[in-house]
Structure formats: structure tokens, C-alpha cells
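Structure first, then comments.
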Amino acid sequence: MTLLERLGYKPSTALIVPFVPPVAGRLAAMLQAADHENLNYALRRLHPDSVAGTLAALIDVLERTESRARWLERLWQWYRGQRDIHSMSALIVGLLHEARASHQRKTLAALPARRQEGIAEDLAEAERLLDKACQQQPGNAELLALRLQTARYLALPPSEHWARFRLLLAVDAEHFRGHLLMLENLGPDWYGSAEAMFRFARARAAQVPTHHPLHGLPIYAHFAMHRRHLTAEEAAAEQWFAQPDVAIEVLEIWESLRESLALPGRLHEDELLNLLAGALYLSGHSLQAGEALTIMDGRCLPIPWCQMAVNDREAHNPGWVVDRIRAEIAEKSSANSQ
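Numbering of the sequence shown is given in my numbering, commencing with residue 72 and proceeding in unit increments.
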């Protein structure tokens with residue numbers, strides 16, 4: 072938070088802070104106290120759909136409170152003592168944590184050789200544990216989705232990515248995060264191309280009802296290209312959404328999803344609403360962008376607004392980006408009505 076924000080000078084659009092399950096802190100305390108029995112008991116009481124998010128939050132809490140080597144050793148101790156699905160899953164998430172961060176920052180090649188070897192060993196161990204966990208729970212969609220991550224970081228051949236994705240579809244044909252992971256794997260930032268990424272996004276979107284969130288997959292692909300062009304030059308990024316065929320596709324997706332996104336939804340639906348609002352604005356559909364911003368009701372997620380910031384203030388708090396865009400749309404609407 073900046074000094075001005077501490078003094079009360081904040082954007083009118085509130086930034087939605089990622090939800091951290093309250094239980095994550097308690098789980099971290101149990102792990103640090105080596106209270107493995109209560110740790111397992113607490114995880115068993117969670118709804119199966121919330122376990123993956125809770126374990127990710129647990130790793131985030133540990134990362135903030137002690138060194139990576141220390142909390143990773145705690146996870147190993149838990150796993151060696153219990154060898155159940157929860158301790159195994161937590162260790163897998165922990166092993167993937169540093170690999171994911173290093174790859175996202177594109178800093179892996181710059182790390183010392185010994186550190187690179189350590190990350191490679193973590194990935195190999197995560198892959199081995201995932202295979203074991205999936206044998207125990209072949210119907211666990213979250214574990215199957217994690218295998219798309221290890222396929223990415225281990226640079227496995229495309230055929231293996233597809234094989235793993237098909238296994239996930241057999242368990243959960245509409246697994247949203249799994250679709251996003253596969254889309255990214257097929258994109259130019261990893262082992263595919265823009266063509267492969269869009270072909271996948273449009274094919275999967277066509278196989279669900281038009282009001283289903285997966286119908287918006289192409290929007291994620293468009294913002295992946297927008298982000299990719301930002302690293303080259305800002306003008307190229309702005310021109311991406313200005314392309315007539317892109318503008319048409321954005322509008323068509325908005326019209327098919329508008330009613331369902333107006334209803335209270337889950338996180339990926341809120342994210343899709345934010346993405347569509349940004350895409351509509353960038354593609355010149357000011358009226359529809361205004362409608363999307365109205366549905367957002369004065370709240371925003373970091374994505375996609377953080378990659379649309381034009382100054383340090385906006386980069387620090389994307390709420391300022393939304394405020395600016397809302398003001399631009401209002402001014403344009405006022406001018407058109409005169």
C-alpha cells in the first residue's frame with residue numbers, strides 16, 4: 072500500500088484480494104509443530120473440491136514464514152510418517168512451487184547449475200509421487216491437472232500432454248483449471264504456437280453450451296497474445312485487440328456469456344468477467360465494456376488490468392486502471408449523446 076492509499080486516497084474500484092482459506096494458517100502451525108495426526112484430520116474434514124486450494128494456500132503461508140528448505144523438509148517428514156494421499160499431495164504441491172516460480176519468472180537458466188539440478192530433482196520426484204497418487208485415486212481431477220504442470224516443466228512431448236489431458240477429461244470433462252493449463256501448454260510461451268492454442272480454445276469452447284464459462288476460453292488465448300506482445304512493444308499489444316476478427320470474436324463471446332456472468336459466480340467466472348470487460352474495451356466496444364464494468368460492481372481482479380496499466384500508480388493497484396477506463400467510457404458516452 073502506498074502512502075497516499077494509507078491516507079485514504081484510493082481508487083473507487085476495490086481490488087479483490089485472493090481468498091486465503093482461514094484453515095491454511097492453522098494447518099501451517101500444525102505442520103510446524105509436527106502435529107501430523109491433527110493435520111490429516113483437518114484435511115479429511117474439508118470438502119474434496121477445496122483441498123487443492125487449501126494446500127496451495129498452506130504452501131504460500133509457509134513460504135512467508137520460513138525458508139523453502141525448512142518447510143520442504145517439514146513436508147517430507149509429514150509424508151514419511153503418514154504416506155497418505157494428503158501428505159503426498161502437499162509434498163507434490165510444495166515440490167512444484169519453486170519450479171513453477173522459476174519458470175514463470177523465466178529465471179531458471181540464470182540460476183546456478185546446482186540450483187537447476189535441485190529443481191530438476193524436485194520435478195522428477197513430484198512426477199513420481201503424482202504417478203503413485205493417481206494410482207491410489209484415479210478419479211482425482213486435481214491430481215490429474217497437476218500432471219499437466221509436470222508435463223510442462225519436464226518438457227515432455229506433446230503426445231504426453233494430450234494423453235494426460237484426455238485422462239482428465241474422462242474424470243471431469245469441464246475441469247476449468249485443467250483447460251487453462253492445457254491452453255498454456257499449447258501456446259507459444261511453452262511448446263506450441265498461437266495457432267495451436269487458438270485451435271484448442273475454440274474447439275473446446277464449441278463443445279460446451281454457449282453460456283458455460285469454458286465458452287470464454289478464446290479470451291484467455293487473446294490475452295496470452297496481448298501479454299506476449301507487451302514484452303515486445305506496447306503498440307503491438309494494443310493492435311492485437313484492434314484486429315477486426317478479434318473484435319468480432321470478443322463481442323460474440325460477450326453476447327453469449329453476458330447473462331450467466333451477471334449472476335453471482337465462482338472465481339473463474341469472476342475472472343472471465345474481468346477479462347471480457349478488458350477485452351471489450353481494448354477492442355473498441357465501449358458500450359459493452361461499460362455493461363461489463365457495471366456488472367463488476369466496483370470490484371476488480373488483478374487480471375487483466377495489471378497488464379493494461381500506463382503508470383506506476385496503476386501498476387501498483389489495478390483499481391486505478393478500471394477507474395480510468397470507466398471515466399473514459401463515461402466521457403465518450405456523454406460526448407455521443409450531445
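Cβ atoms here follow ideal geometry from the backbone N, Cα and C, with glycine treated the same way.
Spatial neighbours of residue i within its chain, please: C-beta separation below 6 angstroms, excluding the five flanking residues on both sides.
{"i": "R218", "result": "L201 and R235"}
{"i": "H168", "result": "I130"}
{"i": "L259", "result": "It is worth fixing the name first, because residue 259 is Pro in this sequence and not Leu. So the qualifying residues of the chain are A265."}
{"i": "L78", "result": "For L78, the pLDDT reaches just 48, beneath the cut-off of 50, and the residue's location in the model is therefore unreliable, although a value from the coordinates is still provided. Contacts found: none."}
{"i": "A380", "result": "A386 and V392"}
{"i": "G263", "result": "L257"}
{"i": "H232", "result": "A222 and N256"}
{"i": "R176", "result": "For R176, the pLDDT reaches just 48, beneath the cut-off of 50, and the residue's location in the model is therefore unreliable, leaving the point undetermined."}
Based on DSSP bridge pairs, tell me the residues matched to residue i.
{"i": "R395", "result": "In the DSSP output, where bridge partners are listed per residue, R395 has none listed."}
{"i": "A85", "result": "R370"}
Does the beta carbon of residue i sit closer than 8 angstroms to a beta carbon anywhere in chain C?
{"i": "L344", "result": "In the structure shown, chain C does not exist; there is a single protein chain."}
In angstroms, rounded to a whole number, what distance separates the CA positions of residue i and residue j?
{"i": "R145", "j": "M101", "result": "11 angstroms"}
{"i": "G390", "j": "E323", "result": "26 angstroms"}
{"i": "Q310", "j": "H297", "result": "9 angstroms"}
{"i": "A222", "j": "A172", "result": "16 angstroms"}
{"i": "M147", "j": "Q206", "result": "Note that residue 147 is Trp in the sequence shown here, rather than Met. Rounded to the nearest angstrom, the two C-alpha atoms are 20 angstroms apart."}
{"i": "I366", "j": "D394", "result": "14 angstroms"}
{"i": "W142", "j": "L114", "result": "18 angstroms"}
{"i": "N256", "j": "N382", "result": "31 angstroms"}
{"i": "P373", "j": "G349", "result": "11 angstroms"}
{"i": "A363", "j": "E330", "result": "11 angstroms"}
{"i": "E326", "j": "A105", "result": "52 angstroms"}
{"i": "Q314", "j": "F294", "result": "13 angstroms"}
{"i": "P228", "j": "L252", "result": "15 angstroms"}
{"i": "E342", "j": "Y112", "result": "32 angstroms"}
{"i": "L182", "j": "W261", "result": "19 angstroms"}
{"i": "G124", "j": "R185", "result": "31 angstroms"}
{"i": "E402", "j": "A360", "result": "14 angstroms"}
{"i": "R384", "j": "E134", "result": "27 angstroms"}
{"i": "H286", "j": "R248", "result": "14 angstroms"}
{"i": "I190", "j": "A241", "result": "31 angstroms"}
{"i": "L334", "j": "T281", "result": "15 angstroms"}
{"i": "P119", "j": "Q208", "result": "12 angstroms"}
{"i": "K81", "j": "V91", "result": "23 angstroms"}
{"i": "S408", "j": "E137", "result": "58 angstroms"}
{"i": "N388", "j": "W376", "result": "9 angstroms"}
{"i": "A398", "j": "A216", "result": "40 angstroms"}
{"i": "E192", "j": "A226", "result": "14 angstroms"}
{"i": "R116", "j": "R199", "result": "27 angstroms"}
{"i": "S83", "j": "L328", "result": "26 angstroms"}
{"i": "S230", "j": "N109", "result": "41 angstroms"}
{"i": "I416", "j": "V321", "result": "Shown here, the chain extends from 72 to 409; a query on residue 416 therefore has no answer."}
{"i": "E188", "j": "Q103", "result": "27 angstroms"}
{"i": "S121", "j": "A277", "result": "28 angstroms"}
Assuming residue i and residue j form a contact by the criterion Cβ under 8 angstroms, report the distance between their Cβ atoms to the nearest whole angstrom.
{"i": "V317", "j": "S357", "result": "The pair is not a contact, with the Cβ atoms about 16 angstroms apart (cut-off 8 angstroms)."}
{"i": "Q370", "j": "I87", "result": "According to the sequence provided, residue 370 is Arg. The question's Gln does not apply to it. Confirmed, about 5 angstroms."}
{"i": "I290", "j": "L238", "result": "Not confirmed; about 26 angstroms, so no contact."}
{"i": "R270", "j": "L288", "result": "With a Cβ gap of about 11 angstroms, R270 and L288 do not count as contacting."}
{"i": "I319", "j": "Y352", "result": "No, I319 and Y352 are not in contact; Cβ-Cβ is about 16 angstroms, not under 8 angstroms."}
{"i": "A54", "j": "M268", "result": "Because the chain spans 72 through 409 in this model, residue 54 falls outside it and cannot be assessed."}
{"i": "Q378", "j": "L301", "result": "6 angstroms"}
Given residue i, which residues of its chain have a CB within under 7 angstroms of its CB, disregarding the five upstream and five downstream residues?
{"i": "H107", "result": "W149, G152 and Q153"}
{"i": "R139", "result": "E169"}
{"i": "A197", "result": "I163, L166, L167 and T221"}
{"i": "E340", "result": "P284 and L332"}
{"i": "V132", "result": "A95, G96 and A99"}
{"i": "L344", "result": "L332, A363, I366 and M367"}
{"i": "A127", "result": "V164"}
{"i": "H250", "result": "R275, L285 and L288"}
{"i": "H246", "result": "A212, A216 and L239"}
Once you ignore the five residues that flank residue i on each side, which residues in its own chain have a CB closer than 8 angstroms to its CB?
{"i": "A204", "result": "I156, M159, S160, I163, N211 and L214"}
{"i": "Y224", "result": "L167, A170, R171, H174 and L194"}
{"i": "A85", "result": "G369, R370, C371 and G390"}
{"i": "R273", "result": "L288 and P289"}
{"i": "P89", "result": "none"}
{"i": "S405", "result": "none"}
What are the start and end residues of each continuous alpha helix (DSSP H) run of 4 or more residues lying completely inside the region 322 to 392, in chain order? 338 to 353, 357 to 367 and 383 to 387
Scan the region 123 to 180 and note each continuous beta strand (DSSP E) run of 3 residues or more that stays entirely inside, going in chain order. none
Output the residue ranges of the alpha helix (DSSP H) runs that lie fully inside the region 269 to 312 and measure 4 residues or longer, sorted by chain position. 288 to 301
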